[in-house]
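Asker: Counting along the sequence shown from 1, when you hit position 37 you're at 28 in my numbering, and nothing is skipped either side. C-beta: ideal position from N, C-alpha, C; glycine also.
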Amino acid sequence: DIKKVIAYSTMSQLGYMVFAAGATAYGAAIFHLFTHAFFKALLFLGAGAVIHAMHHEQDMRNYGGLYKKLPITYALMWIGSLALMGVPFFAGYYSK
-8 DIKKVIAYST MSQLGYMVFA AGATAYGAAI FHLFTHAFFK ALLFLGAGAV IHAMHHEQDM
52 RNYGGLYKKL PITYALMWIG SLALMGVPFF AGYYSK
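#1: Nearest-angstrom Cα distance between glycine 13 and alanine 82?
#2: Phenylalanine 10 by DSSP, collapsed to three states: which one?
#3: Can you give me the C-alpha to C-alpha distance between arginine 52 and valine 41, rounded to a whole angstrom?
#4: In chain order, what residues of the same chain have a beta carbon less than 6 Å from the beta carbon of tyrosine 58, not counting five sequence neighbours either side?
#5: Can you find the residues in the same chain that come closer than 8 Å, C-beta to C-beta, to glutamine 4, ignoring five residues on each side of it along the sequence?
#6: Hey, would you say serine 72 sits closer than 9 Å to leucine 36, going by beta carbons?
Here is the structure:
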């Protein structure tokens, strides 16, 4: 299920937020919370568009050829994924 995969990645990010709050770096914790929420929302909206376009198919193994069917959604989900990974010059890099 694509939504479960996206949701489970939040669990690891909660560790960063709790650690920052425990180290009294409340500004860093809030910044990471907001940046993570922003690109996670992008990924969930993209997942919803993919599920809708694939006729409510939830199994990611059947999502071949998304670049041809949904090029804009494909590109935006790449941007959200790069931010989630913490690639330099994306929001996730600065918050991590």
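Answerer: Considering the structure as presented:
#1: 22 Å
#2: helix
#3: 13 Å
#4: Tyr65
#5: His23, His27
#6: no
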